[in-house]
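Participant: In the numbering used here, the protein residues as written are -2 to 61.
Glycine residues also receive a C-beta, built at the ideal position from the N, C-alpha and C atoms.
What you are looking at is a predicted structure, and each value in this text was computed from that prediction instead of being measured.
What follows is a single structure, and I will ask about it in a moment.
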């Protein structure tokens, strides 16, 4: 299986779970759905940025 496809499937699984949580929150009339969406967006940005930084650091040859 292609590595990119596998990572994409794992990433989308997280969002499917978030949609399930969003559905449960709406069904139980919990009025914090905006907070959940904002936290999910922040989580996504943080994961992408930390992935880029770690990829940059580990792809560099060790100069020590």
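So the alpha helix (DSSP H) residue 26 belongs to, where does it begin and stop?
Facilitator: Residue numbering aside, residue 26 sits at position 29 when the chain shown is read from its first letter. Taken as a continuous stretch (DSSP letters only), residue 26 belongs to no alpha helix (DSSP H), as it is neither H nor E.
Participant: Compare the beta carbon distance of residue 19 and residue 30 with 8 Å and say whether it is the shorter of the two.
Facilitator: Translated into the one-based positions of the chain shown, residue 19 becomes position 22. Translated into the one-based positions of the chain shown, residue 30 becomes position 33. Contact: yes.
Participant: Check whether the Cβ atoms of residue 34 and residue 22 sit closer than 8 Å, and answer yes or no.
Facilitator: Position 37 of the chain shown holds residue 34. Position 25 of the chain shown holds residue 22. Their beta carbons are not under 8 Å apart, which means residue 34 does not touch residue 22 by this criterion.
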